[in-house]
Amino acid sequence: MTNEITVHVIDKKFETLKNPVRKQVLEILAVLKKEGYAIDVLLLGNRKMRSLNKKYRGKDAATNVLSFEEPKEFVYPKGITKQKGEIYLNPDMSSDWWIKRSKKKAEEFLDIRFLLVHGVLHLFGYDHIEDGDATKMERKEIAIIKLLNK
2 MTNEITVHVI
12 DKKFETLKNP
22 VRKQVLEILA
32 VLKKEGYAID
42 VLLLGNRKMR
52 SLNKKYRGKD
62 AATNVLSFEE
72 PKEFVYPKGI
82 TKQKGEIYLN
92 PDMSSDWWIK
102 RSKKKAEEFL
112 DIRFLLVHGV
122 LHLFGYDHIE
132 DGDATKMERK
142 EIAIIKLLNK
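Below is the structure:
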């Protein structure tokens, strides 16, 4: 069974990221050995991300990534792709963050890759609210990035 990744370009300036983002999420799921899932990725800018962050997290500021897992109580029939959730990605913030910390702008997509790994892990139950959970999630992120870079 295959995975279905749909990328929605909300802010048209991110149109060129549509295919690379889709491919990257498929690669992340392959590394995690997850099959039969559907994930929507939405590419949007600071203003829309700020609105979502305020509505769902009570934080009146833009953020780089938000993930919303599909409710678990829905039981999918056998053989049907399971809707896992949505990842909202703000490449504006990711680019700003990365450019400030990177010597090479060409490495910018590595930051987006990290945010996609982070978002996918949230969909599969990882969290970073408690210190121990954060450490576990960070280790998993690093391990996945290393495998993706091979």
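According to the numbering used here, the sequence shown is numbered sequentially starting from 2. Beta carbons are placed, not taken as given, at the ideal position from N, Cα and C, and that holds for glycine. Just so we're clear, the structure is a prediction, and the values are computed from it rather than from any experiment.
* **Identity of the residue in 134, 19, 18 and 25 nearest residue 4 by Cα** => Stepping through the sequence shown from its first residue, residue 4 is reached at position 3. Of the candidates 134, 19, 18 and 25, the one whose C-alpha sits nearest the C-alpha of residue 4 is 25.
* So is residue 63 buried or exposed if we call it buried at 16+ other beta carbons inside 10 Å? -> As a first step, residue 63 is located in the sequence shown; it is residue number 62 there, counting from the start. Looking at its Cβ environment, which holds 16 or more other Cβ atoms inside 10 Å, residue 63 is buried.
* Could you tell me the boundaries of the alpha helix (DSSP H) in which residue 148 lies? => Reading the sequence shown from its first residue, position 147 is the one you call residue 148. Counting along the chain, the alpha helix (DSSP H) containing residue 148 begins and ends at 132 to 149.
* To do: Measure the CB-CB distance between residue 66 and residue 90 and report whether it falls below 9 Å.
  => As a working note, residue 66 is residue 65 in the sequence shown. As a working note, residue 90 is residue 89 in the sequence shown. Yes, they are a contact pair.
* If you run the structure through DSSP and keep just helix, strand and coil, what is residue 40? -> Within the sequence shown, the letter at position 39 stands for residue 40. Reduced to three states, the DSSP call for residue 40 is strand.
* **Same chain, Cβ closer than 8 Å to residue 36, five either side skipped, listed in chain order** => For the purposes of this step, residue 36 is taken as the residue at position 35 of the sequence shown. Closer than 8 Å at the Cβ level, and outside the excluded window around residue 36, lie 2, 3, 4 and 30.
* Have a look at residue 113 and residue 92 and give me their C-alpha separation to the nearest angstrom. => For the purposes of this step, residue 113 is taken as residue 112 along the sequence shown, with counting starting at 1. For the purposes of this step, residue 92 is taken as residue 91 along the sequence shown, with counting starting at 1. Answer to the nearest angstrom: the Cα atoms are 7 Å apart.
* Asked: How would you call residue 143, buried or exposed, if buried means at least 16 neighbouring beta carbons within 10 angstroms?
  -> Residue 143 sits at position 142 when you count from the first residue of the sequence shown. So residue 143 counts as exposed.
* Using 10 angstroms around the beta-carbon of residue 99, count the other beta-carbons present and answer buried if the total reaches 16, otherwise exposed. => Here residue 99 refers to the residue found at position 98 when the sequence shown is read from its first residue. In this prediction, residue 99 has a pLDDT of 49, which is less than 50 and means its spatial position is unreliable; nothing more can be read from the coordinates.
* Looking only at its own chain, which residues have a Cβ that is under 8 Å from the Cβ of residue 19, when we skip the five neighbours before and after it? -> The residue you call residue 19 lines up with position 18 of the sequence shown. Only 8, 10 and 44 meet the Cβ criterion.
* Report the rounded CA-to-CA distance for residue 70 versus residue 40, giving the unit in angstroms. => Taking the sequence shown and counting its residues from 1, one reaches residue 70 at position 69. Taking the sequence shown and counting its residues from 1, one reaches residue 40 at position 39. Cα-Cα distance, rounded: 9 Å.
* Asked: Out of curiosity, what's the CA-to-CA distance linking residue 1 and residue 86?
  -> The first residue shown for the chain is 2 and the last is 151, placing residue 1 beyond what the model contains.
* Asked: With residue 149 and residue 28 assumed to form a contact (beta carbons below 8 Å), what rounded beta-carbon distance in angstroms separates them?
  -> Position 148 of the sequence shown holds residue 149. Position 27 of the sequence shown holds residue 28. Sure, about 6 Å apart at Cβ, within 8 Å.
* Can you tell me which of 13, 135, 15 and 6 puts its alpha carbon nearest to the alpha carbon of residue 38? => As a first step, residue 38 is located in the sequence shown; it is residue number 37 there, counting from the start. It is 6.
* Run through DSSP, which three-state label would residue 125 get? -> Looking up residue 125 in the sequence shown gives position 124. Coil.
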